[in-house]
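See below for the structure under consideration.
2 protein chains.
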Amino acid sequence: MNEFALIKRYFERPDGAAYTTSGDSGVVLGIGDDCAIISPDSDEETVITTDTLVAGVHFPERADPQLIAQRALRINLSDIAAMGAQPRWFLLALTLPELDEAWLEAFSLGLREVADHYHCVLMGGDTTRGPLTITITMLGTVPRGKALVRRGAQVGDAVYITGCLGDAAAGLRILQGGFVNDELTAADAEYLLSRYWQPAPRISEGLMLRDFASAAIDISDGLLADLGHISAASGVAAELATNLIPVSDELTKAVDEQELMATALTAGDDYELCFTVPLNKVASLESQIDAGILIAKRLGDIVSGSGVMCRNSKGQICEFADAGYQHF
Amino acid sequence: MNEFALIKRYFERPDGAAYTTSGDSGVVLGIGDDCAIISPDSDEETVITTDTLVAGVHFPERADPQLIAQRALRINLSDIAAMGAQPRWFLLALTLPELDEAWLEAFSLGLREVADHYHCVLMGGDTTRGPLTITITMLGTVPRGKALVRRGAQVGDAVYITGCLGDAAAGLRILQGGFVNDELTAADAEYLLSRYWQPAPRISEGLMLRDFASAAIDISDGLLADLGHISAASGVAAELATNLIPVSDELTKAVDEQELMATALTAGDDYELCFTVPLNKVASLESQIDAGILIAKRLGDIVSGSGVMCRNSKGQICEFADAGYQHF
Chain D
8 MNEFALIKRY FERPDGAAYT TSGDSGVVLG IGDDCAIISP DSDEETVITT
58 DTLVAGVHFP ERADPQLIAQ RALRINLSDI AAMGAQPRWF LLALTLPELD
108 EAWLEAFSLG LREVADHYHC VLMGGDTTRG PLTITITMLG TVPRGKALVR
158 RGAQVGDAVY ITGCLGDAAA GLRILQGGFV NDELTAADAE YLLSRYWQPA
208 PRISEGLMLR DFASAAIDIS DGLLADLGHI SAASGVAAEL ATNLIPVSDE
258 LTKAVDEQEL MATALTAGDD YELCFTVPLN KVASLESQID AGILIAKRLG
308 DIVSGSGVMC RNSKGQICEF ADAGYQHF
Chain X
8 MNEFALIKRY FERPDGAAYT TSGDSGVVLG IGDDCAIISP DSDEETVITT
58 DTLVAGVHFP ERADPQLIAQ RALRINLSDI AAMGAQPRWF LLALTLPELD
108 EAWLEAFSLG LREVADHYHC VLMGGDTTRG PLTITITMLG TVPRGKALVR
158 RGAQVGDAVY ITGCLGDAAA GLRILQGGFV NDELTAADAE YLLSRYWQPA
208 PRISEGLMLR DFASAAIDIS DGLLADLGHI SAASGVAAEL ATNLIPVSDE
258 LTKAVDEQEL MATALTAGDD YELCFTVPLN KVASLESQID AGILIAKRLG
308 DIVSGSGVMC RNSKGQICEF ADAGYQHF
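Which chain is which? The protein sequence lines are D and X, in order. Each residue of the first sequence is one higher than the last, beginning at 8 in the numbering used here. Each residue of the second sequence is one higher than the last, beginning at 8 in the numbering used here.
Rendered as structure tokens:
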């Protein structure tokens, strides 16, 4: 099978939608030319991100291709969420060791499910032979000047996080067989695994936060490392109260008490949004949280200085190995 | 070294240009956030393409990293050229087996040279560990409705090609050591190698062709295969005269007479532009060619039917294995 037949079979929509999509998708020309053509509205900026997942490094070689596709797309969507943008279009560069039709069937199904759920369109890509590697490039749009960036945090801002932290790391440990814990039920394990394989990109939260946040980032390398990026980009420091860090019941059951905080603060892959909010907007944001419109929790504050400091419930400073993921 | 230090060291400009570029680059936010932000002009559409090069598949594992980077970028630029668009921005997803600083130094130098030459800006990317793989996503802009696409060829149009064909395939054979030919001088071999490693994306030609061409494609899989894509997308056939196929003196020296046409017609990697021109614009295009403003040659015509047919100087139909590159 050549590249063209493969793309036609697995990645074009049965209704040809990816080929010539309707006007409101913003796709002028989809799969099947030298380039795709998109046409963002003139009052919008385009945000763009790319992420690569390598078999044996970012996921187990023999993992379910449907889950691999979904995770790859969700991770890219999370970067769009962290900008407060609407996901719109993506490209798939897929490197495959061999033509495995069952694998491709499951992979393309997983991709389509997540793409449809988040209303983004596959508009092009590249298929090559080689070690299994998935690179997705995702584009989104945001009204001019409204994107959430890392460098906007100010001294006095409150620090928030959506959802809870550490679950994905526990899921990965279960996946790798590194966990023996009698307290954990099958349902608990399933929850933690799904948090690793199917992180929820906080798209609607990101869109809402355009009205509240002064800075935002998604948690891929761990809260301390990622909040550290906000601090560094903004030229400020952050102070967190460890007793305010949100953790799930499942994670609490899964790991020892002394490991719990380190996991929640330094493990990556949760893809929650960490964001800062100016004090004059905190009351209004809290009313959204109280109304259940936004699931988020205040963890601490932006202060002058640099770096991220944690204090326990007694006010003592706690140290964690917070270097984030070391790629090399 | 973590990903952030690596990017800062090798891929940010000394003047910080990739971080916060001047307004006219269209980059609102460059390297260093969850996404880059670009702001195309409102009268423009955005074209986008992605191409992956895998070590051992698309280039020799131990090849010069400066050349690898340049070829990767030039191949993506060629897709932009084939749309008649202006290259603007790119993302680099780089997967490396190890942290080799000399390799990265040479790679980033090669990338910068080509990016500067074609006035495009590295605005973001991803760095991961794994088998050496380079995925570049390139974006360009084109006035609304002015992009060159594959599906516009009409019966009666003339078929043209820029430059000459087959050199890159001969260069690759030299590189792979599969060539013994006493006629070939060192300068000939150098020329053919440079056509493989440093294909010239036909950017200025593509921009000019917006006023002339009804369809265009770049030659990555061989003329017959790629012109076949124009034919299929346009619902027409193409007829070529083999004696009109432009070949270099170096290629003529490098391969046997009976191999020459097959190489020129079916070998890939030349990245010339094949395009079709309505008859009422042929005279005007030919005057550009006569004036030396455009280097291109008429090869044949678009006729009714499907596929691509070649005739030799006696008018006989010639058959070539024209399936293009089989990825699997």
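Ideal Cβ placement from N, Cα and C applies to all residues, glycine included.
Contacts of residue i in chain C (Cβ-Cβ under 9 Å)
| i | result |
| --- | --- |
| T273/X | Chain labels in this structure do not include chain C; the protein chains are D and X. |
Chain-order list of residues whose beta-carbon lies under 6 Å from that of residue i (same chain, five-residue window excluded)
| i | result |
| --- | --- |
| R157/D | A222, I224, H236, I237, A240 |
| L84/X | P94, Y125, P208 |
| G178/X | L199, L200, R202, Y203 |
| I55/X | L146 |
| C344/X | A query on residue 344/X cannot be resolved here, the shown segment of chain X reaching from 8 to 335 and no further. |
| A62/X | E68, L139 |
| G132/D | L98, L99, A100 |
| G229/X | T273, A274, G275, G331 |
| Q111/X | A quick correction: the sequence has Leu, not Gln, at residue 111/X. Cβ neighbours of L111/X beyond the five flanking positions: Y17. |
For residue i, the residue or residues it bridges with in DSSP
| i | result |
| --- | --- |
| I252/D | The partner list for I252/D (beta bridge, DSSP) is empty, contrary to what the question assumes. |
| F66/X | A62/X |
| W204/D | According to DSSP, W204/D bridges with nothing at all. |
| W96/X | V128/X, L146/X |
| R180/D | According to DSSP, R180/D bridges with nothing at all. |
| T283/D | V166/D, A222/D |
| C317/D | L247/D, C325/D |
| T140/D | V61/D, T102/D |
| V310/X | A244/X |
| T53/X | I45/D, T148/X |
| L7/D | Since the first residue shown for chain D is 8 and the last is 335, residue 7/D is missing from the structure and cannot be characterised. |
| R305/D | Y167/D |
| D31/D | None; D31/D has no bridge partner. |
Cross-chain neighbours of residue i in chain X, by beta carbon under 7 Å
| i | result |
| --- | --- |
| V64/D | T135, R136, G137 |
| V156/D | L36, D40 |
| M90/D | D41, C42 |
| S49/D | S49 |
is_contact[residue i, chain X] using C-beta, thresh 7 Å
| i | result |
| --- | --- |
| C42/D | yes |
| V34/D | no |
| Y26/D | For Y26/D, the pLDDT reaches just 38, beneath the cut-off of 50, and the residue's location in the model is therefore unreliable, leaving the point undetermined. |
Residue i: contacting residues in chain X (beta-carbon distance under 9 Å)
| i | result |
| --- | --- |
| G131/D | I55, T56, T57 |
| D225/D | D41 |
| L98/D | I55, T56, T57, T144 |
| V61/D | T102, T135, R136, G137, P138, T140 |
Presumed contact (8 Å Cβ cut-off) between residue i and residue j, rounded CB distance
| i | j | result |
| --- | --- | --- |
| C127/X | P94/X | 4 Å |
| E118/D | T144/X | The residue you asked about is not Glu; residue 118/D is Leu in the sequence shown. The pair is not a contact, with the Cβ atoms about 17 Å apart (cut-off 8 Å). |
| Y278/D | I210/D | Incorrect: roughly 11 Å between the Cβ atoms, too far for contact. |
| A245/D | G307/D | 6 Å |
| T135/X | T59/X | That pair is no contact at about 13 Å. |
| I45/D | W96/D | 6 Å |
| M130/X | G37/X | 5 Å |
| L234/D | V166/D | 7 Å |
| A303/X | I296/X | 6 Å |
| T164/X | P285/X | For the record, residue 164/X in the displayed sequence is Asp; it is not Thr. Yes, D164/X and P285/X are in contact; Cβ-Cβ is about 5 Å, under 8 Å. |
| A154/D | G91/D | 6 Å |
| F282/D | A328/D | Not really, about 24 Å apart at Cβ, beyond 8 Å. |
| G170/X | A88/X | Contact doesn't hold; Cβ gap of about 12 Å is too wide. |
| L280/D | D174/D | The Cβ separation is near 15 Å, so there is no contact. |
Any C-beta of chain D under 7 Å from that of residue i
| i | result |
| --- | --- |
| I168/X | no |
| E19/X | no |
Beta-carbon neighbours of residue i, restricted to chain D and to distances below 9 Å
| i | result |
| --- | --- |
| V310/X | Correct list: empty, because the minimum Cβ distance to chain D is about 22 Å. |
| I87/X | D41, C42 |
Other residues of its chain near residue i: CB distance less than 7 Å, five sequence neighbours each side excluded
| i | result |
| --- | --- |
| I252/D | L172, M268, A271, L272, L306 |
| V121/X | Q77, L80, R81 |
| L191/D | K260, A261 |
| G159/D | S221, A222, S241 |
| R217/X | G91, K153, L155 |
Contact list for residue i against chain X, beta-carbon separation under 8 Å
| i | result |
| --- | --- |
| E52/D | V35, I44, I45, S46 |
Close-in-space but distant-in-sequence residues of the same chain around residue i (CB under 8 Å, 5 per side omitted)
| i | result |
| --- | --- |
| K205/X | Checking the sequence, you will find Gln at residue 205/X rather than Lys. Same-chain partners within the cutoff: L74, Q77, R78, R81. |
| T57/X | N83, T142, I143, T144, M145 |
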